[in-house]
Amino acid sequence: MNKVLKYVFLAIIAVLIATVPLYSGAFITRFLIGVILYAIMAEGWNVIAGYTGYPSFGNVVFFGLGAYVTALCMINFHTPFILSLIFSSIAGALFAIIIGIPILRLKGHYFAIVTLGIGETMMAITFNVPFTGTGAGLSLPLASNPNLFYYVSLIVLVIFIVFLKFILSGRLGYGMIAVREDEDAAKMMGIDTVAVKIKAFAISGFFTAIAGGIYAYWSTFIDPPTVYDPVMSIKMIIMTVFGGAGTLLGPVAGAFIIIFLSDFLSTHFTILHTFFFGGLIVMTAIFLPKGLMDVLSQKGIGWKYFIENIRKHRV
Amino acid sequence: MRKIIAVFVMFLVVGSVALLSACAPKQKAPSVIKFGSAMSLTGKYAREGKFYKDGYLLWEKKINKAGGIKVNGKAYKVKVIIYDDESNPAKSQKLYEKLVTSDKVNFLLGPYSSGITIPDSSIAERYKIPMIEGGGASGKIFSRGYKYIFGTLPAAGNYFKNTIEMLHMMAYTGKNSAKTIEVVHSDSAFDNAVAAGAVRWVKAFGLKLTGVQEYPSGSNDLSSVLTKIKKSNPDVVLVAGHTHDALLFIKQAKENKVNTKLMAFTVGVQAVDFRQSLGNDANYAVGVTPWLASMNFKGAVFGTASEFAKTFKAAYGYAPDYHAASAVAGALAFQSAITKANSLDPKKVRDALASLDLKTMYGEVKFQANGQIAKGQAVIQVQNGKAYAVFPKQIAQKELLYPAPSWDKR
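What follows is the structure in structure tokens.
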């Protein structure tokens with residue numbers, strides 16, 4: 001009975017989510033497209049940082065690269081949108097492999113610093129290479145139907161989650177978790193840690209680049225400071241950690257709640273919203289360091305859970 | 001199971017928000033005309049964003065005090081809704097979509113900066129609701145063939161046109177001539193457009209270009225740029241950057257003893273606090289501006305430029321610069337177009353805007369076919385701590401001081 005109920009619930013949710021543009025206004029649709037794009041990015045960060053244990057601070061580089069590849073393909077070669085997205089994703093994965101080979105040898109904060117630098121470097125390159133339009137940016141045509149972006153991004157997110165679930169139950173998934181828990185031990189057990197790390201990074205780059213490509217056509221204009229904005233990398237991290245790093249649906253929940261709160265606060269408190277939002281992030285880091293998904297998996301929540309968290313993490 | 005329920009609850013929240021927005025109480029016979037804007041109130045453009053916000057709100061207050069706008073014999077109050085876009089284009093677009101679809105505003109007032117205005121203009125175009133923006137001057141905003149975007153800042157490519165023409169005239173009269181020019185610009189969308197235009201005008205007026213230099217936006221050190229200028233030693237440097245960059249440029253030029261006969265900046269020189277923070281070093285700096293409080297512009301509602309400045313200062317405690325004036329000019333254009341169209345229909349107001357010719361305290365507001373205002377930039381110079389118009393001749397208040405003395409002789 002419980003199982004039947006579960007499937008009925010799931011089916012209702014799926015239908016409701018898939019048909020959002022049909023019954024809600026354009027603003028809600030735009031809000032959700034933003035959420036889904038961030039969910040894809042946060043999930044991308046989750047793959048390399050949450051599961052593999054390599055905290056990248058420059059994942060926005062894939063987003064920017066994807067945005068530029070899609071924009072350049074659509075402007076210069078008039079390729080269809082979906083085909084451009086495929087080019088973007090391939091570019092994202094290839095770029096991850098190329099930079100991953102040298103930098104995935106670094107560990108901990110050394111890796112974090114290098115990834116931060118790569119984002120900035122790509123921004124500087126884009127600023128100075130003539131065919132990217134330099135600082136003047138690129139304008140894309142106006143899409144005839146804005147709901148297109150909702151369906152495309154939703155399909156990409158669903159594919160990503162299903163793909164990740166599949167990966168996690170296989171050799172690669174266990175390899176990633178082994179690398180996160182103890183890389184040396186994993187190597188001793190015969191896991192090709194280099195290959196595992198590069199594959200994880202490539203998956204991360206592949207999907208983040210698609211999000212960038214969707215953004216480019218959706219917003220109709222991109223320039224380097226917007227699509228290589230380091231704040232986006234930080235947001236991916238906040239969302240994933242808020243929802244629960246190393247959980248399948250944590251980043252999605254994190255993206256939804258963080259964007260919902262941020263938008264809600266900023267429309268109701270025009271100036272003070274940054275204060276409330278910052279305070280909220282601090283509070284969750286103190287009381288829920290393991291994220292929302294961890295809270296949901298607890299049986300019975302009380303003060304004990306929060307106090308235990310504070311004690312364990314020695315705040 | 002818990003997770004499934006959690007997801008379901010989450011979805012119910014979205015659903016209810018969606019429903020609420022869909023069935024929001026329809027306003028019965030609205031006697032209010034709603035204007036909406038997403039302005040940069042926090043983030044890197046917070047400083048300029050405040051000028052626009054204050055300008056829009058001052059206009060709102062003034063109009064409502066005078067009884068509102070009359071359409072078809074009925075007086076409408078005015079309401080301006082302003083949100084914070086955090087200086088982020090994606091957020092700005094989202095807020096404009098909200099303004100149009102859930103706040104149901106009648107008309108849109110623009111955001112600040114070209115990089116944010118370009119994507120936002122596509123929202124105005126998609127919903128066919130006219131937007132007048134006073135904060136983006138890049139030609140890219142107006143080159144996409146959009147019908148519903150209007151701008152009150154002169155075209156970016158023409159920012160230095162009058163400055164270069166002035167230099168050309170000096171060369172013509174023979175004395176104190178300036179022959180060589182170097183262009184420096186930040187890598188932002190807007191400054192790229194300004195620099196490209198400046199290079200074009202330098203060539204068109206037959207002056208010599210010694211080089212074009214680009215620096216990263218928000219840079220905290222311009223000494224490498226200045227070293228190169230010292231080497232190429234031009235008579236004139238034209239700098240396209242934001243206020244922060246202009247301040248830094250002058251400070252570091254003094255430190256590095258870079259003496260050029262004239263330094264001109266796109267943004268900064270117009271502002272009072274710019275001159276205050278530099279003190280004596282601000283003297284001789286040249287700027288361009290579409291508006292100064294001392295210019296002889298005059299129009300309905302706010303009277304002359306200086307009367308507007310007085311009203312503004314009384315309301316907010318600081319003197320307005322061209323940002324605020326440009327914002328108010330856009331709002332005045334809407335007011336006049338609504339009256340002229342005698343309707344709140346977006347299409348009719350849009351057509352009225354296209355053929356508008358309005359005298360305001362910001363000068364003549366008349367839009368070109370692409371939507372951008374047909375207006376030039378006056379050249380101004382700081383003399384004894386005050387900014388004066390020096391070119392074109394018709395509005396000049398003082399003679400240009402040229403060449404500027406070297407830093408050690410000031």
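Heads up: the protein sequence lines correspond to chains A and B, in order.
Final position of the first sequence in the numbering used here is 315; the numbers increase by one with none missing.
Final position of the second sequence in the numbering used here is 410; the numbers increase by one with none missing.
The beta carbon of each residue, even a glycine, is placed where N, CA and C say it ideally should be.
For the pair Asn64/B and Ser37/B, the Cα-to-Cα distance works out to about 18 Å.
Collapsing the DSSP output to three states places Gln381/B in a strand.
Put simply, the backbone Cα of Glu125/B is about 18 Å away from that of Leu138/A. Unbroken beta strand (DSSP E) runs of no fewer than 3 residues, entirely contained in the region 305-380 of chain B, are found at 358-360, 363-365, following chain order. Using a C-beta cut-off of 8 Å, the region 363-383 of chain B makes contact with the region 138-154 of chain B, since at least three inter-stretch Cβ pairs fall below that distance. The criterion of a C-beta distance shorter than 8 Å is not satisfied by Ala282/B and Met295/B.
Taking the beta carbon of Pro130/A as reference, no residue of chain B falls within 9 Å; the closest one sits roughly 12 Å away. Secondary structure remark: continuous alpha helix (DSSP H) runs of at least 4 residues inside the region 15-54 of chain A, in chain order: 20-23, 26-45.
Beta-bridge pairing by DSSP links His185/B to Glu214/B, Ala240/B. A distance below 8 Å separates the beta carbons of Glu97/B and Ala26/A. Counting only runs of at least 3 residues, the region 62-150 of chain B fully encloses the following beta strand (DSSP E) elements, listed from N- to C-terminal order: 69-71, 74-84, 107-109, 131-133. The beta carbons of Gln93/B and Pro119/B sit closer together than 8 Å. Distance from the CA of Ala202/A to the CA of Leu296/A, rounded to the nearest whole angstrom, comes to 30 Å. Nearest in C-alpha terms to Met361/B, of all of Lys347/B, Val71/B, Phe205/B, Val328/B, is Val328/B. In the DSSP assignment, Met188/A falls outside any beta strand (DSSP E) and within the unbroken alpha helix (DSSP H) covering 183-188. Relative to Thr266/B, the option among Ala240/B, Tyr56/B, Phe274/B whose CA is nearest is Ala240/B. If you ignore the 5 residues before and after Thr220/A, its C-beta comes within less than 7 Å of the C-beta of Ser139, Leu140, Leu142, all in its own chain and listed in chain order. Chain B has a Cβ within less than 8 Å of the Cβ of Pro225/A. Within chain A, the residues placing a beta-carbon under 7 Å from that of Ala189/B are Gly135, Ala136, Gly137, Asp223, ordered along the chain. One finds Thr134, Gly135, Ala136 in chain A with Cβ atoms closer than 8 Å to the Cβ of Asn192/B, taken in chain order. Fully contained in the region 52-82 of chain A is no beta strand (DSSP E) run of length 3 or more. Residues of chain B whose Cβ lies closer than 8 Å to the Cβ of Ile167/A do not exist, since the nearest Cβ in that chain is about 19 Å away. Taking a 10 Å sphere around the C-beta of Thr19/A, we find fewer than 16 other C-beta atoms and assign the residue as exposed.
In this structure Ile118/A is in contact with Ile99/A, their Cβ atoms being roughly 6 Å apart against a cut-off of 8 Å.
Neighbourhood of Thr270/A in chain B, by CB distance below 8 Å: Leu41, Ile82, Tyr83, Asp84, in chain order.
Counting only the Cα atoms, Ala253/B lies some 23 Å from Val390/B. The region 186-203 of chain A and the region 72-88 of chain A do not touch, with fewer than three beta-carbon pairs separated by less than 8 Å. It is roughly 21 Å from the alpha-carbon of Pro102/A to the alpha-carbon of Gly190/A.
The way I'd put it, the region 65-81 of chain B doesn't touch the region 129-148 of chain B; fewer than three beta-carbon pairs between them come closer than 8 Å.
Burial state of Ile307/A is exposed, judged by a 10 Å Cβ sphere holding fewer than 16 other Cβ atoms. When Cβ-Cβ separations below 8 Å define contact, Gln213/B makes no contact with chain A.
Counting only unbroken stretches of 4 or more residues, the alpha helix (DSSP H) elements lying wholly within the region 255-289 of chain B are 272-278, in sequence order.
At a cut-off of 8 Å, the C-beta of Leu142/A has a neighbouring C-beta in chain B.
Within the region 271-291 of chain B, no residue places its CB atom closer than 7 Å to a CB of chain A. By alpha-carbon distance to Ala293/B, the top candidate from Gly136/B, Tyr388/B, Phe190/B, Ala66/B is Tyr388/B. Ser406/B sits in coil when the DSSP states are folded into three classes, being neither helix nor strand.
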